[in-house]
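Participant: Each residue of the sequence shown is one higher than the one before, counting from 125 in our numbering. For glycine and all other residues, C-beta sits at the position ideal for the given N, C-alpha and C. None of the values given here were measured: they were computed from a predicted structure.
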Amino acid sequence: MVSENRVAVITGGLSGMGLQIAKRLHASGATVCIGARRGGDVDAVSKLRATIGAPIYVGALDVRDSESIAGFIGVVVANHGKVDILVNAAGVYEEAPVIDHPDDMWDATIDTNLTGTFKMIRSVMGMMKDQAWGRIVNIASVAAHNGMADNAAYCASKAGLLGLGRCVSLEGAAYGVTCTSISPTWVETEMLKQFVDQEVAESDLTLAEVRAKYEASNPQNKLVQPEEIAELVAFLVSDAGRAITMEDIQVNAGSLW
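#1: Go ahead and pull the three-state DSSP assignment for V131.
#2: Is E371 helix, strand or coil by DSSP?
#3: Does the stretch 243-257 come close enough to the stretch 205-220 to have 3 or more Cβ pairs within less than 8 Å?
#4: Can you give me the C-alpha to C-alpha distance between I180 and D328, rounded to a whole angstrom?
#5: Let me know the secondary structure DSSP gives L138 once reduced to three states.
#6: What does the alpha-carbon distance come out to for the pair V324 and T233?
#7: With distance defined between alpha-carbon atoms, name the residue in N129, A151 and V199 nearest to E410.
#8: Kindly list the residues whose CB is nearer than 8 Å to the CB of E339, restricted to its own chain and excluding five residues on each side of it in sequence; keep chain order.
#9: With DSSP collapsed to three states, give me the class of P113.
#10: Once the 5 residues before and after M141 are set aside, which same chain residues still bring their CB inside 8 Å of it?
#11: Measuring alpha carbon to alpha carbon, tell me which of N376, D235, S379 and F359 ends up nearest V211.
#12: To which residues does DSSP link P308 through a beta bridge?
#13: Taking C-alpha atoms, which residue in V216, G296, D321 and V182 lies nearest to N203?
#14: For the stretch 144-177, which segments carrying the beta strand (DSSP E) assignment without a break, of at least 3 residues, lie completely within its bounds, in sequence order?
#15: Can you give the beta carbon distance from A277 to W230, rounded, assuming they're within the 8 Å contact cut?
#16: In the DSSP assignment, find the unbroken beta strand (DSSP E) run with I223 in it and report its ends.
#17: My assumption, with CB atoms under 8 Å, is that L138 sits in contact with A168. Please give the rounded CB distance.
#18: Have a look at L316, E371 and A377 and flag the residue whose alpha-carbon is nearest the alpha-carbon of S341.
#19: Going by other Cβ atoms of all chains shown within 10 Å of its Cβ, with 16 needed for buried, is D224 buried or exposed?
#20: Measuring CB to CB, does T236 end up less than 9 Å from V187?
Here it is, written out as C-alpha cells:
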C-alpha cells in the first residue's frame with residue numbers, strides 16, 4: 125500500500141503501462157502527477173480524468189529537454205512540495221537494421237528511452253536524498269537482456285537503463301532512495317495493438333492469428349497485461365519495497381525470446 129502522503133511523478137502516463145500505473149498509484153492514495161508530450165492535449169487529459177474518476181495533474185513534458193523537465197517538476201513541487209516517487213514509463217520504439225540505420229531514429233530512441241530517464245532522475249534525486257526517502261522505477265524491457273534483429277537502438281536504450289539504475293541505487297542507498305527496473309516481454313498496450321494491426325494489414329493473416337503469434341512468444345501463451353506491471357510498481361514504491369534496489373525484475377511469462 126502506497127502511503128497517502130506520497131507524491132508520484134509518472135512520465136508517459138497517458139497510455140499503456142504508464143496509464144495503468146497512474147491509475148493504480150492513485151487508487152492507493154498517492155498524489156499522481158503525469159508528464160507527457162500530449163500533456164497539453166485537452167481531449168487526452170479529459171479522457172484520462174474520466175477514466176481515473178478524479179482530478180489529476182497532467183502537464184506537458186518532453187523528457188529529452190532539460191528545460192521542459194525543470195518546468196514540469198517545478199510545477200509539481202510548487203503545488204505539492206516534493207516528489208517521492210518517479211516512474212519512468214515514457215518510451216519510443218522504431219525498427220531498422222544496423223546497415224543504413226537513420227541517425228535521427230537512433231538519436232530519438234536513445235534520447236527518449238535512456239537520456240530522458242537519466243534527466244528525470246537527475247531532476248528529483250537531490251530532493252529525494254534531502255527528504256531521506258525516494259522510489260525510482262524505470263520501465264526497461266526483456267530487450268535489455270536479449271537482442272532482436274533490427275532493434276539496435278531500442279535494445280541499446282533499454283540495456284542502458286540497467287547500468288543507469290545500478291549507479292542511481294548506489295548513490296541513493298544511504299539516503300533511503302531505491303532504484304529498480306522492470307523488464308516486461310510483450311505487454312498488451314496500444315503500441316502492441318498497432319503492431320498487430322499493421323501486420324494484419326501487410327499480410328494474409330487474420331487478427332486472431334497475429335495475436336496468437338504474439339501470445340505464443342512465451343510459454344504461458346498469454347500477453348502480459350498493463351495492470352500486472354502496475355501492481356508490481358505499486359509494491360516497489362511502497363514502504364515494503366525498501367530493500368529492493370539495484371534490481372531488474374523480468375516479467376517475461378517464461379519467455380527468453
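Facilitator: Well, looking at it:
#1: strand
#2: strand
#3: yes
#4: 43 Å
#5: coil
#6: 25 Å
#7: Given that the chain is displayed from residue 125 to residue 381, the structure contains no residue 410 and the question cannot be resolved.
#8: N345, K346 and L347
#9: Any question about residue 113 goes unanswered here, given that the chain covers just 125 to 381.
#10: A213, I263, P308, V311, T313, P350, I353 and A354
#11: F359
#12: V375
#13: V182
#14: 155-160
#15: 5 Å
#16: Run containing I223: none; DSSP gives neither H nor E here.
#17: 5 Å
#18: A377
#19: exposed
#20: yes
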